[in-house]
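Protein chains in written order, with full-length UniProt numbering: chain A, 1 to 324; chain B, 1 to 324; chain C, 1 to 324. Backbone N, C-alpha and C fix where the C-beta goes; we use that ideal spot for every residue, glycine too. For clarity, every value in this text was computed on a predicted model and none was experimentally measured. Data first, discussion second: the structure below is written as structure tokens.
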Amino acid sequence: RIMRPDDANIAGNVHGGTILKMIEEAGAIISTRHCNSQEGEACVAALARVERTDFLSPMCIGEVANVSAEITYTSRHSVEVQVNVMSENILTGAKKLTNKATLWYVPLSLKNVNKVLEVPPIQYARKEQEDEGKKRYEEQKLDRLETKQRNGDVMLPVINPEPHTVGYSQSSLIHLVGPSDCTLLGFVHGGVTMKLMDEVAGIVAARHCKTNIVTASVDAINFHEKIKKGCVITVSGRMTFTSNKSMEIEVFVDADPFVDEPRERYRAVSAFFTYVSLSKEGKPLPVPQLLTETEDEKRRFEEGKGRYLQTKAKRQAQMQQAAQ
Amino acid sequence: RIMRPDDANIAGNVHGGTILKMIEEAGAIISTRHCNSQEGEACVAALARVERTDFLSPMCIGEVANVSAEITYTSRHSVEVQVNVMSENILTGAKKLTNKATLWYVPLSLKNVNKVLEVPPIQYARKEQEDEGKKRYEEQKLDRLETKQRNGDVMLPVINPEPHTVGYSQSSLIHLVGPSDCTLLGFVHGGVTMKLMDEVAGIVAARHCKTNIVTASVDAINFHEKIKKGCVITVSGRMTFTSNKSMEIEVFVDADPFVDEPRERYRAVSAFFTYVSLSKEGKPLPVPQLLTETEDEKRRFEEGKGRYLQTKAKRQAQMQQAAQ
Amino acid sequence: RIMRPDDANIAGNVHGGTILKMIEEAGAIISTRHCNSQEGEACVAALARVERTDFLSPMCIGEVANVSAEITYTSRHSVEVQVNVMSENILTGAKKLTNKATLWYVPLSLKNVNKVLEVPPIQYARKEQEDEGKKRYEEQKLDRLETKQRNGDVMLPVINPEPHTVGYSQSSLIHLVGPSDCTLLGFVHGGVTMKLMDEVAGIVAARHCKTNIVTASVDAINFHEKIKKGCVITVSGRMTFTSNKSMEIEVFVDADPFVDEPRERYRAVSAFFTYVSLSKEGKPLPVPQLLTETEDEKRRFEEGKGRYLQTKAKRQAQMQQAAQ
Numbered sequence: 001r002i003m004r005p006d007d008a009n010i011a012g013n014v015h016g017g018t019i020l021k022m023i024e025e026a027g028a029i030i031s032t033r034h035c036n037s038q039e040g041e042a043c044v045a046a047l048a049r050v051e052r053t054d055f056l057s058p059m060c061i062g063e064v065a066n067v068s069a070e071i072t073y074t075s076r077h078s079v080e081v082q083v084n085v086m087s088e089n090i091l092t093g094a095k096k097l098t099n100k101a102t103l104w105y106v107p108l109s110l111k112n113v114n115k116v117l118e119v120p121p122i123q124y125a126r127k128e129q130e131d132e133g134k135k136r137y138e139e140q141k142l143d144r145l146e147t148k149q150r151n152g153d154v155m156l157p158v159i160n161p162e163p164h165t166v167g168y169s170q171s172s173l174i175h176l177v178g179p180s181d182c183t184l185l186g187f188v189h190g191g192v193t194m195k196l197m198d199e200v201a202g203i204v205a206a207r208h209c210k211t212n213i214v215t216a217s218v219d220a221i222n223f224h225e226k227i228k229k230g231c232v233i234t235v236s237g238r239m240t241f242t243s244n245k246s247m248e249i250e251v252f253v254d255a256d257p258f259v260d261e262p263r264e265r266y267r268a269v270s271a272f273f274t275y276v277s278l279s280k281e282g283k284p285l286p287v288p289q290l291l292t293e294t295e296d297e298k299r300r301f302e303e304g305k306g307r308y309l310q311t312k313a314k315r316q317a318q319m320q321q322a323a324q
Numbered sequence: 001r002i003m004r005p006d007d008a009n010i011a012g013n014v015h016g017g018t019i020l021k022m023i024e025e026a027g028a029i030i031s032t033r034h035c036n037s038q039e040g041e042a043c044v045a046a047l048a049r050v051e052r053t054d055f056l057s058p059m060c061i062g063e064v065a066n067v068s069a070e071i072t073y074t075s076r077h078s079v080e081v082q083v084n085v086m087s088e089n090i091l092t093g094a095k096k097l098t099n100k101a102t103l104w105y106v107p108l109s110l111k112n113v114n115k116v117l118e119v120p121p122i123q124y125a126r127k128e129q130e131d132e133g134k135k136r137y138e139e140q141k142l143d144r145l146e147t148k149q150r151n152g153d154v155m156l157p158v159i160n161p162e163p164h165t166v167g168y169s170q171s172s173l174i175h176l177v178g179p180s181d182c183t184l185l186g187f188v189h190g191g192v193t194m195k196l197m198d199e200v201a202g203i204v205a206a207r208h209c210k211t212n213i214v215t216a217s218v219d220a221i222n223f224h225e226k227i228k229k230g231c232v233i234t235v236s237g238r239m240t241f242t243s244n245k246s247m248e249i250e251v252f253v254d255a256d257p258f259v260d261e262p263r264e265r266y267r268a269v270s271a272f273f274t275y276v277s278l279s280k281e282g283k284p285l286p287v288p289q290l291l292t293e294t295e296d297e298k299r300r301f302e303e304g305k306g307r308y309l310q311t312k313a314k315r316q317a318q319m320q321q322a323a324q
Numbered sequence: 001r002i003m004r005p006d007d008a009n010i011a012g013n014v015h016g017g018t019i020l021k022m023i024e025e026a027g028a029i030i031s032t033r034h035c036n037s038q039e040g041e042a043c044v045a046a047l048a049r050v051e052r053t054d055f056l057s058p059m060c061i062g063e064v065a066n067v068s069a070e071i072t073y074t075s076r077h078s079v080e081v082q083v084n085v086m087s088e089n090i091l092t093g094a095k096k097l098t099n100k101a102t103l104w105y106v107p108l109s110l111k112n113v114n115k116v117l118e119v120p121p122i123q124y125a126r127k128e129q130e131d132e133g134k135k136r137y138e139e140q141k142l143d144r145l146e147t148k149q150r151n152g153d154v155m156l157p158v159i160n161p162e163p164h165t166v167g168y169s170q171s172s173l174i175h176l177v178g179p180s181d182c183t184l185l186g187f188v189h190g191g192v193t194m195k196l197m198d199e200v201a202g203i204v205a206a207r208h209c210k211t212n213i214v215t216a217s218v219d220a221i222n223f224h225e226k227i228k229k230g231c232v233i234t235v236s237g238r239m240t241f242t243s244n245k246s247m248e249i250e251v252f253v254d255a256d257p258f259v260d261e262p263r264e265r266y267r268a269v270s271a272f273f274t275y276v277s278l279s280k281e282g283k284p285l286p287v288p289q290l291l292t293e294t295e296d297e298k299r300r301f302e303e304g305k306g307r308y309l310q311t312k313a314k315r316q317a318q319m320q321q322a323a324q
């Protein structure tokens with residue numbers, strides 16, 4: 001579809017969240033279709049996890065986004081989908097890869113949303129494809145467990161913060177979940193959640209560096225808890241780390257099923273977004289260093305540094321491999 | 001309502017699809033109101049057909065669209081509505097006729113969506129009005145039958161197409177039908193479908209000629225099949241014909257009721273859109289000729305030429321009539 | 001236009017904010033048209049103030065909103081517009097008055113947004129109409145000055161609040177101002193701001209009483225400061241007063257022109273919204289009493305009580321007058 005003014009920031013760059021939402025919709029369609037391809041109970045595929053994804057080049061207003069999706073692995077109860085997004089300038093014909101993403105879906109029964117159904121197996125062209133898929137499956141399963149533990153963290157408000165401190169840029173929004181945000185099961189689309197998360201993370205980044213910012217990458221996101229229609233969700237973001245030219249922002253999503261529900265407010269999702277600051281010519285700008293004050297902030301900064309160095313090392317290894 | 005940036009392309013011209021959607025909403029309101037004006041079963045008017053409509057002058061961001069609708073004929077089971085759209089520049093006060101459209105609606109029972117109800121007859125000022133309406137009614141009925149047969153056609157993907165071939169510009173998008181796309185009966189508004197069709201047709205046209213394009217006219221569209229909430233719809237477009245200054249694009253809408261439905265994917269609508277290419281000053285530009293390769297493409301080109309010449313002849317006849 | 005699921009809460013009642021947005025759009029169209037009706041500099045009418053408005057009956061999904069607007073008074077630099085909203089059930093034909101609103105607009109030059117232009121005078125049918133209009137004009141001018149002073153107030157975050165305290169339900173959202181939120185001058189439509197204010201106020205009300213809530217009335221709102229495209233706005237709401245069956249919520253809008261602007265965050269608008277809680281049958285429910293803790297909270301509660309009693313007295317006076 002064509003990118004519209006509302007999909008982009010004032011510099012004309014399409015929001016990362018808009019792209020994540022398109023990716024997730026494509027993934028939800030292909031996996032729901034696959035899971036209903038055999039006789040049996042009807043189901044809707046719910047997003048369980050998105051692997052880390054890099055935004056390779058910014059997309060602009062007026063460009064056409066081409067989204068293609070393919071099922072790459074199935075376990076007994078989950079589907080792995082690979083989605084590619086190409087941006088196409090229809091005036092020049094130029095095409096660029098915007099990003100590649102890997103998503104995991106789980107089929108939930110249409111009649112009983114708490115029942116996970118079985119996934120029809122796919123055929124692999126080669127045995128290695130199945131083995132590699134299984135390895136990816138095991139890895140993400142481990143990572144899911146880890147983030148579940150991290151999820152207790154809470155963001156506290158700060159009064160009269162100094163510039164470039166954590167409290168200075170931290171932001172949150174509330175959103176009342178409406179019908180268009182939801183799947184047939186009455187739960188929020190993962191893509192809608194990711195779009196709101198990117199919106200908050202972008203505001204945190206812009207408040208910190210006061211320039212035009214774009215999403216550079218999103219770390220793996222695990223969707224542990226469903227969010228129901230009618231909930232109020234609070235999306236909060238705080239900066240955790242800055243390198244010379246990038247900012248890492250942690251985002252939490254809390255759901256508050258405040259009408260007709262006995263349940264308390266709960267943490268539904270959390271994730272790390274990385275942003276870069278761009279000049280008017282689209283070149284990366286230096287970023288003001290984040291000032292950490294409390295022990296927790298210093299610890300989170302070090303953890304962010306660890307993730308940053310790990311990603312950098314991985315990327316260099318890949319580039320060396322590619323060069324050989 | 002005021003036209004917003006999202007209603008328009010990057011040159012500031014409001015999308016034909018936005019206008020078609022407003023027209024259809026006005027038609028649905030007036031015909032639903034009419035069909036419920038007598039005692040009896042409550043019903044919702046569903047769009048059955050839109051007659052060919054020409055876009056007489058482009059509308060721009062910031063202008064106000066004035067939409068007026070009038071019932072012009074009723075048969076036993078259908079309502080003909082005439083809708084006029086005026087664009088008004090509220091800064092200068094200038095008003096222009098943007099287009100006139102004729103739509104046919106059928107009242108479906110609110111309790112049983114497969115039951116077509118009877119339409120209360122309207123009063124005609126003159127007997128000739130009724131006769132002319134009846135003639136239009138018979139004509140469109142015939143045309144509906146014809147398109148029903150054409151609907152089996154399928155669009156195949158092409159790999160590495162040459163510029164200006166059919167495969168080069170053909171495009172498709174998928175859309176998951178959400179609650180706000182639907183009427184009270186849970187079926188997609190005809191106007192929503194037409195907006196998506198115009199979006200795809202516009203991408204095909206822009207890919208072909210790589211300039212700013214606008215909708216010039218839409219051929220009669222017949223809505224043979226309803227599309228239900230929760231369906232995935234695939235909208236595909238391919239170029240069928242080019243004259244010196246216009247492009248004809250055929251658009252198909254296929255619905256895939258992929259959850260909880262025994263039904264296969266089916267063709268819901270198809271239609272021809274005509275686009276022109278505009279210079280920055282708003283003047284029509286020459287269009288690169290469409291290169292046809294297969295027998296089918298050549299046949300469709302000739303058919304398109306037939307429609308083009310027929311329309312041209314009709315218009316000349318009208319102008320001569322007006323000049324006399 | 002037809003009310004869609006996205007316009008309403010889960011009980012099917014259209015959000016007050018959706019209605020306020022339609023009212024403001026109608027007002028902006030008619031006053032911009034009027035101010036450009038004479039030769040001279042082109043201008044866009046900007047919303048300066050909305051008088052207190054009551055929501056007389058809830059509107060539902062599937063109903064059609066009929067909005068009509070009329071200019072009722074002009075001063076040298078401002079236009080008073082009266083807007084009526086009728087809801088129409090097109091299945092039964094039943095029409096109800098949803099609300100009446102009075103709005104004040106000021107014409108700003110298209111070339112220089114800081115220049116207020118002169119308004120062409122309207123003709124009055126009777127001399128008394130002009131005198132009454134002038135009286136309303138003087139009254140609102142006084143009230144505008146008063147709220148300007150109140151606007152310094154700040155909402156502080158509360159940690160671990162008790163149920164039914166002010167801190168328990170207070171809420172805020174941030175919104176990045178996009179192109180479709182703005183007028184031709186690049187400033188946010190007053191209606192967009194009011195819709196966001198109603199959204200926050202509704203969440204505060206629902207958090208307090210955990211039931212289905214609807215907007216009952218909105219106190220006069222003054223728009224002292226324009227908000228530019230690209231700003232981040234923070235909309236915050238806190239409960240100030242509860243009667244047996246109503247809740248009063250104060251809402252602030254702060255704008256943060258954080259990119260490429262030397263200006264600090266500033267207060268753009270503030271207003272009081274009144275909500276009632278409805279049972280599933282649509283009957284008003286008792287509301288839990290607001291627990292006030294600080295001196296400021298107690299003072300605001302008393303002020304809210306004052307407004308509540310004043311409104312009640314006015315309404316009784318009107319009813320007695322009507323009965324005579």
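Contacts with chain B at 8 Å (Cβ-Cβ) include A:N36. When the alpha-carbon of C:L185 is set against those of B:E248, B:G62 and B:G40, the nearest one is in B:G62.
CA-CA distance, C:Y73 to C:E130, rounds to 7 Å. Taking a beta-carbon distance threshold of 8 Å, A:S277 does not count as an interface residue toward chain C. By the criterion of at least three beta-carbon pairs nearer than 8 Å, the stretch 304-313 of chain B is in contact with the stretch 227-241 of chain B. In this structure, C:G237 sits away from C:Q310, with a CB-CB distance that is not shorter than 8 Å. In this structure, the beta-carbon distance from A:V67 to A:I2 does not fall below 8 Å. For the stretch 176-189 of chain C, the beta-carbon criterion of a distance under 7 Å to any beta-carbon of chain B is satisfied by P179, S180 and L184. For C:A220, same chain residues with a beta-carbon under 7 Å away, outside a window of 5 residues either side, are R49, V50, E51, R52 and D143 in chain order. Neighbours of C:V64 across chain B, judged by C-beta separation under 7 Å: I29. Within the stretch 105-119 of chain A, L110 place their CB atoms closer than 8 Å to a CB of chain B, listed in sequence order. Measuring C-alpha to C-alpha distances from A:Y266 to each of A:V253, A:L91, A:K115 and A:R315 identifies A:V253 as the nearest. In this structure, DSSP gives C:G306 a helical state, which the three-state scheme calls helix. Contact of B:L173 with chain A by beta-carbon distance below 7 Å involves R1. Taking a 10 Å sphere around the C-beta of B:G282, we find fewer than 16 other C-beta atoms and assign the residue as exposed. DSSP, reduced to helix, strand and coil, places C:H34 within a helical segment of the structure shown.
Secondary-structure assignment with DSSP links A:L142 through no beta bridge to anything. In this structure the stretch 114-126 of chain B touches the stretch 31-45 of chain B; the number of beta carbon pairs closer than 8 Å is three or more. In the DSSP assignment, C:I249 falls within the unbroken beta strand (DSSP E) covering M247 to D256. Within the UniProt domain "HotDog ACOT-type" (1-111) of chain C, the complete beta strand (DSSP E) segments of 3 residues or longer fall at 43-50, 64-74, 79-88 and 95-109, listed in chain order. At a cut-off of 8 Å between C-beta atoms, C:L156 counts as an interface residue with respect to chain A. B:A206 has its alpha-carbon roughly 39 Å from the corresponding atom of A:K229. Restricting attention to beta strand (DSSP E) runs no shorter than 3 residues, the stretch 167-255 of chain B encloses them at 171-176, 212-218, 221-223 and 232-242, ordered along the chain. Counting along the chain, the unbroken beta strand (DSSP E) around B:A271 starts and ends at Y266 to L278. For the stretch 3-18 of chain C, residues whose beta-carbon sits nearer than 7 Å to a beta-carbon of chain A comprise P5, D6 and I10. Put simply, the backbone Cα of B:E146 is about 10 Å away from that of B:Q140.
Taking a contact to require three or more Cβ pairs closer than 8 Å, the stretch 171-181 of chain C and the stretch 188-204 of chain A qualify as touching. Spanning the alpha carbons of A:K21 and C:S277 requires a straight line of approximately 34 Å.
The beta-bridge partner set that DSSP reports for B:L291 consists of B:T165. B:N212 is the residue among B:E264, B:N212, B:K111 and B:N160 whose C-alpha sits nearest the C-alpha of B:N9.
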